[in-house]
Amino acid sequence: MRKRLLDLVPVRSGEGHVTSLMFLYIFSTLTFYYILKPMRSSFFLKNLPSTKLPFAYILTAIFAGTLTTLVFKYSRRLSVVSLLTATNLVIVGTLFYFRSVMGRPIWYLPYVWFVYLQIVSVLQVAQFWLLAGYIYDNRQAKRIYGLLGAGAIAGSIAGSFVPAFLSKTLSTDMKLLIAAGICFVLIALAQIAWRYRRPEADEPGAGRKQEESQDRLVDLLRLVFGSRHLALMVLLVCLTLIASQIAEWQVNNALDRSYRDLGQDKENLIDQFWGRFYFWTNILGITLQLTVTGFVVSRLGIGAAIVFLPGGLLLASIGVFLAPSLSTTALALGSNNVFRYSINRAGFELLYLPLSPAVRKKLKLFVDVFVDRLGRAIAALVILTFNNLRSTSAAAILLTVTSVGVCLALRKAYVNAFREQLARREVDLAEIQRYVTDPQSLRLLVDALDSPHERQILYSLRLLQSARRVDGAGKLLPLLKHASPHVREQAVRTLPALPGNYGQAAEELLKDPSELVRQAAAEYICSVDPAQTADRLRGLLDHKEIDVRVAAARCVASLPSAGLQMTQDYVRGLLSVQGPAAVQARTAGAHLAALLPARESVGLLRELLGDLAPEVVAGAMRAGARAGQLDLVFDVVQKLSERRLRGDARDALLTYGQRITGSLGDILADTGHSLKLRREIPWVLARIPTLRSADILLDNLGAQDPLLRYRVVKALNRLHETKHELPPARPVIAERIYSETRAYYEALALWQPFADKRNSASAHLLESALREKMDQDLEIIFRLLGLQYRQKDIYFAYSALKGSRSDRRAAAIEFLDNLLQKNLKSLILPLLEEPSAERLIDMASRIFGIPPYTREEALRKILERPDVWLKACALHEIGDERITALSDLCRTFSGATDLVVRETAEWALKRVA
183 MRKRLLDLVP VRSGEGHVTS LMFLYIFSTL TFYYILKPMR SSFFLKNLPS TKLPFAYILT
243 AIFAGTLTTL VFKYSRRLSV VSLLTATNLV IVGTLFYFRS VMGRPIWYLP YVWFVYLQIV
303 SVLQVAQFWL LAGYIYDNRQ AKRIYGLLGA GAIAGSIAGS FVPAFLSKTL STDMKLLIAA
363 GICFVLIALA QIAWRYRRPE ADEPGAGRKQ EESQDRLVDL LRLVFGSRHL ALMVLLVCLT
423 LIASQIAEWQ VNNALDRSYR DLGQDKENLI DQFWGRFYFW TNILGITLQL TVTGFVVSRL
483 GIGAAIVFLP GGLLLASIGV FLAPSLSTTA LALGSNNVFR YSINRAGFEL LYLPLSPAVR
543 KKLKLFVDVF VDRLGRAIAA LVILTFNNLR STSAAAILLT VTSVGVCLAL RKAYVNAFRE
603 QLARREVDLA EIQRYVTDPQ SLRLLVDALD SPHERQILYS LRLLQSARRV DGAGKLLPLL
663 KHASPHVREQ AVRTLPALPG NYGQAAEELL KDPSELVRQA AAEYICSVDP AQTADRLRGL
723 LDHKEIDVRV AAARCVASLP SAGLQMTQDY VRGLLSVQGP AAVQARTAGA HLAALLPARE
783 SVGLLRELLG DLAPEVVAGA MRAGARAGQL DLVFDVVQKL SERRLRGDAR DALLTYGQRI
843 TGSLGDILAD TGHSLKLRRE IPWVLARIPT LRSADILLDN LGAQDPLLRY RVVKALNRLH
903 ETKHELPPAR PVIAERIYSE TRAYYEALAL WQPFADKRNS ASAHLLESAL REKMDQDLEI
963 IFRLLGLQYR QKDIYFAYSA LKGSRSDRRA AAIEFLDNLL QKNLKSLILP LLEEPSAERL
1023 IDMASRIFGI PPYTREEALR KILERPDVWL KACALHEIGD ERITALSDLC RTFSGATDLV
1083 VRETAEWALK RVA
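For this note's numbering, count along the sequence shown from 1 and bump the result up by 182.
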C-alpha cells in the first residue's frame, strides 16, 4: 500500500527535498493571505460604510496591477531570492506599521489597507511561481505543479481556519504578528530552496528579462478581437468577473447592514464571517473538483462545464433580487467561489487547448493586465449607479444571462477552432489526454475518420488512441479494411478506445499481408481480455500459419507479464524457418530468446548477432538489452562500427543504461580498439547523464585523434545541457581550454607560410585544410567555455562571431570581454579582434613559445601531428612542389596504416625521386 501511495506522488529521486520546501512555501503563502483577507472587509466596514467600497475597487484596479508590475520591472538587477527576501521584509515592516496605526482615525487608512492586501497577495503568489520557474524545468513542472497546487489549496483552508474559528481568541494585532511570522518562514524557505536552483538562475534577473512580454496593448487587442474564439473567451471572463465583484459587494453591504449597531464587535464578527465563508467554500470547491468536475467534463462536455459559473450566479442573483439578505448574497458569492475554482476552471482550461502556447501566454497577459482591471472598474461603476441589493442583483442577472449566451456561442467557437487545428494537424500531443475528456472533441475526432485523406485519418486515429469508451465503432471498424496498411494498423491500435470486445474483427486481420497489421491484431487479441491473455497467446503460438506465429511471438516478447514459459526448442523452430518469412521468424525468435534462462539466452542471442540479415541482428541487440544480458555488451558495442546497425546498437546500449558506462569507458580509452569504434562511444555516453559518464569523457579530453576529441567535447556539451551540474568543475577543463587555444595559435603559425594567394593548387588545399583546423579548434574552445559559463550565452556569442553582421560580432566580443576571466581573456579575445596574423604569431611566440615557421618547417611539423587529412595534404604539397629535402618523410609514411596517407606518400616519393 505504501509503495502504491508513493507511486501516486509525481516526485522522482532527488526532487523530494526541494519539492517539500516548495510545498511548504505555497502552503504558507496562501495561509498568510487567507489570514489577512477577511480583515480587508472587516477593517473597511468598521470605519466606512459599504457604499464607499466601490472607490476601493477602483483604486485597486488602478494601483494593484501597476505597482506589482513596477516591483518586478525595477527588481531586474536582483536575484530571485534577493527579491523574495526584500519583498517579505518590506511586508513585515508594513504589517508592523498597520498594527501601530489601525486604532487611529486616519480617513484614508481603510482604502490603503484594502489596496495593500490585494497587492501583497498578487506579489506573494507571483513570486512563488517565479521561484518555482528557476527550480524546475518544463518536464518537472508538468509533473510537480499539480502537487504544489494541492499545497495552495491546503494553505487556503488552513489560513481561513484562523479567522473562522479563532477570531474570538486572536486579536487583530495577534493575527498581524502571525502573518509577519509567516513572512520570516517564507524567507527561510526561499533561501533553502534557492540552493536547488538550476544553474541559469544565477544571473540576476536573467529569466525575467527573457520572459517579460514586449507586447503592446494595441497588439493584444488586435490579437483578441481578430479571433471569435478569443474575443468570446475574454468577454466571458470580463462579464463573470463583473458579476462576481458585484456579488462580493452585496455580501459586504448585507454584513454592514446586519452588524451596523454592534459597535466594537462589528469588526470581529465580520472577520469571523469571512473566515468561515472562505473555509467552507474552499472545502466545497476542492470536494467538487475531486468528485464532480471529471464527470461533468467527460459526460456533459465543455459547454456544460463553462456554464456552471454564470448559471449558478444567475440563479443565486435571482434569489437576491427576490429576497435580499445576508444568506442569499452569501449563496450568490459562494456559488461563484465554488464553481470558479472547480468545474469552471476545468472547462476554461479546455478552451485554451486549441490555442498555441504563444497565444495562450498573450491571452493570459491580456486578461491579467487589462481585463481584470477593467472588470473591477466596471463593477465599481455599476455599484455606484445602483447602490442597493435589489438593483445590483438586477444588473447581475443581466450580466449572467449574457454570460450564458456567450457560453453557448463559445462552445461553437471552440468546436470550430478545434476543427481547424485538427485539419492543420496542430493538436499538441502533450495535451491530448485533456482533449479526449471532452465529448465535442471526441466527436470531431471520430468524424475526421471519414476524411478522404489518409494522413488526416492517421492523425485522428493516433489522437483517439488516448481515449476510452468512444462511441465511434460505426466509423472505426470499416477502416480495418482500408486500402492502406498504415490505416489498418492504426485502426486496430485504436480498437481499445471503443467499449466492447472486437476480437473477432481483429482475428480476421491475422491473415493480413502487412506484418505490422498482423502484429497489431495479435496484440489486441491478447490484451482485450487480460484474464484470457495467456490462453490466447498459446493458441496463436501454435497456429498453422507462420505469419501468425511470428506475430504471436512478438506479442509474447512485449507482454512478459503474461507468464508464458518459452522453450529453446520453440525458439529454434522459429530460427529454422525457411522461405519468405525466414527473416521475420528469426527476428521474432531473437525477441523470444531473451525470455529464456540466461545460460540458454546468451548463446542464442550471440549466434543471432552474427546473422546476415540486419533486421535479425537489430532484433537480437534490442532483445538482449531489454533482458539486461550484460554478457552481450561487448558484442553490441562492436556493431557501432557498422553503419546499417549503428542506430539499433545505440538504442540497445542506451537500454542497458548506466550499468555499462564502465565498459564503454574502457573501450574509449583503449587504443587497441579501432578509432572508428572509439569515435562512436561519446555519442552513447552523452545520453547516459551520470557522473560516471562525465568523468569518463573528461578523462578522454586529451585524446590524440582530433575527431574523437571533438566528439568527446560535444558529448560533454550534451551532458551539460541535459544536467547542468554535469560535468562537475574540474581543472582538466581549464587545462584543455588552454591546450586548444595553444593548438589554434600553432595552426595559425603553420598556416602562415601557405597563405600567399600565388601559391599552387596543392598549397591552397593545405591552406584550406589548416583554416578548417583552426575553425574546429575555435569551436572546441567555445564548447569548452560552455562547460564553465552559461552554455546558451557562449553559444549565442559564438554564433554572432561566425555570422556576417559586424554589430553582432562587436557585441559578442564586448560580452566575452565582460564575462571571461582575465587569464582566458588575454588568450582568446585577440583571436577574435586582431586582424593581423603576424601580430597573432608574435603573440604565440611570446606566450606559448611557438616560433614562426618556414615552409619546410611547417610541413615537417604538420607531418608530426596526428591529423591524417593534414598529413595527406602536406605530403601532396611535398610531391607537387618536388621538395627533395623532405623525401625521407615521404619514405616514412609510405608504410602508414591509413590508406590515404600511404598512397599520397607513395605518390609524393615518386615525384621527388
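Even for Gly, the Cβ is constructed at its ideal location relative to N, Cα and C.
The stretch 424–441 makes no contact with the stretch 327–337, as fewer than three CB pairs between them are under 8 Å. Leaving aside the five residues that flank residue 556 on each side, the residues in its chain whose CB is nearer than 8 Å to its CB run, in chain order, 243 and 420. In the DSSP annotation of this structure, the continuous segment of the alpha helix (DSSP H) that includes residue 858 starts and ends at 857–860. For residue 841 against residue 812, the beta-carbon gap comes to about 7 Å, under 8 Å, which counts as contact. Taking C-beta separations shorter than 6 Å and ignoring five residues to either side along the sequence, the partners of residue 532 in its chain run 484 and 620, following chain order. The C-beta distance from residue 368 to residue 210 rounds to 6 Å, short enough to meet the 8 Å contact threshold.
Across the structure, residue 462 and residue 454 are spaced so that their CA atoms are roughly 12 Å apart.
The alpha-carbon separation between residue 476 and residue 251 amounts to approximately 36 Å. About 11 Å separates the beta carbon of residue 849 from that of residue 818, a gap too long to meet the 8 Å contact definition. Take residue 864, set aside five residues on each side of it, and the residues of its chain with a beta-carbon closer than 6 Å to its own are 893, 894 and 897, in chain order. Here the alpha carbons of residue 479 and residue 487 stand approximately 6 Å from one another. Counting the other CB atoms within 10 Å of its CB gives residue 1031 a total below 16, which places it among the exposed residues. Cβ-Cβ separation between residue 687 and residue 659: approximately 6 Å, consistent with a contact (criterion under 8 Å). Separation of residue 273 and residue 529 (C-alpha to C-alpha, rounded to the nearest whole angstrom) is 36 Å.
Taken through DSSP and simplified to helix, strand or coil, residue 944 comes out as helix.
For residue 234, the three-state secondary structure derived from DSSP is helix. Considering only 1061, 921 and 851, the residue with the shortest C-alpha distance to residue 942 is 1061. Taking 3 residues as the minimum length, the stretch 256–311 contains no beta strand (DSSP E) run wholly inside it.
Looking only at 380, 875 and 884, the smallest Cα-Cα distance to residue 320 is reached by 380. Sorting 295, 278, 265 and 213 by C-alpha distance to the C-alpha of residue 227 places 295 at the top.
Cβ contact annotation for residue 1090 (same chain, cutoff 6 Å, sequence separation greater than five): 1057, 1060, 1061 and 1072, in chain order. Going by beta carbons, residue 786 and residue 772 fall inside the 9 Å limit. Shown here, residue 697 sits in a helix according to DSSP, grouped into three states. Looking at the backbone, the Cα of residue 277 and that of residue 214 are separated by about 12 Å.
Around the beta carbon of residue 886, fewer than 16 other beta carbons lie within 10 angstroms, which makes this residue exposed. In the DSSP assignment, residue 674 falls within the alpha helix (DSSP H) that extends over 667–676. Contact between the stretch 515–522 and the stretch 576–588 is absent: fewer than three C-beta pairs spanning the two stretches fall below 8 Å.
Between residue 748 and the set 760, 223, 719 and 729, the nearest pair of CA atoms involves 719.
Residue 932 is positioned such that its CB atom lies closer than 9 Å to that of residue 1040. Between the beta-carbon of residue 663 and that of residue 460 there is about 60 Å, and that puts the pair past the 8 Å contact cut. Distance between residue 807 and residue 936, taken at the CA atoms: about 52 Å. Within its own chain, the residues whose Cβ lies closer than 6 Å to the Cβ of residue 888, once the five positions on either side in sequence are excluded, are 1049, listed in chain order. When only Cα atoms are considered, residue 843 and residue 996 end up about 41 Å apart. Residue 356 is classed as exposed because its beta carbon has fewer than 16 other beta carbons within 10 Å across all chains shown.
Counting other Cβ atoms within 10 Å of its Cβ, residue 247 reaches 16 or more and is therefore classed as buried.
Rounded to the nearest angstrom, the Cβ distance from residue 601 to residue 626 is 6 Å, consistent with a contact under 8 Å.
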